[in-house]
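Have a look at the structure below before the remarks.
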Amino acid sequence: MSRPENQLQAIVSQVVKLETLQEVNTRALGELASGVARLIERLEKSDETAREAAQRARAAHHRIDEIRASIDGIKQGQRWLITTSFTLIGLAASLLGLVFKILE
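In the numbering used here, the protein residues as written are 1164 to 1267.
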């Protein structure tokens, strides 16, 4: 083979290598794009899950506030009952003392 043919053969071999590398890079880029698309999809799902969790947390917090208000109402009712009971016991004791004084 002559020198120009050898150079031409070397150029052809380099072009084939470049084409092969380009195909490999194109395939890798396609796989990368597919992977990015899957990651975006998973991220969107996780965002949806996070929004749902936040909504559930707000609802649970609202229920807890309602329960606390109910408990406070019960406690106030108990305070009223205890105060009224002691008042009635005091009045009964005073009345009993008055009855004993009258009977003596």
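Virtual Cβ for every residue (Gly too), placed ideally from N, Cα, C.
Cα-Cα separation, residue i to residue j
{"i": "Gly1236", "j": "Arg1242", "result": "10 angstroms"}
{"i": "Thr1183", "j": "Arg1190", "result": "11 angstroms"}
{"i": "Pro1167", "j": "Val1178", "result": "16 angstroms"}
{"i": "Ala1220", "j": "Ile1203", "result": "25 angstroms"}
{"i": "Leu1251", "j": "Ile1227", "result": "36 angstroms"}
{"i": "Ser1233", "j": "His1224", "result": "14 angstroms"}
{"i": "Thr1212", "j": "Ala1173", "result": "58 angstroms"}
{"i": "Leu1181", "j": "Asn1188", "result": "10 angstroms"}
{"i": "Ser1271", "j": "Arg1231", "result": "The chain is shown from 1164 up to 1267; residue 1271 falls before or after that span and cannot be answered."}
N- and C-terminal bounds of the alpha helix (DSSP H) containing residue i
{"i": "Glu1186", "result": "Arg1166 to Leu1266"}
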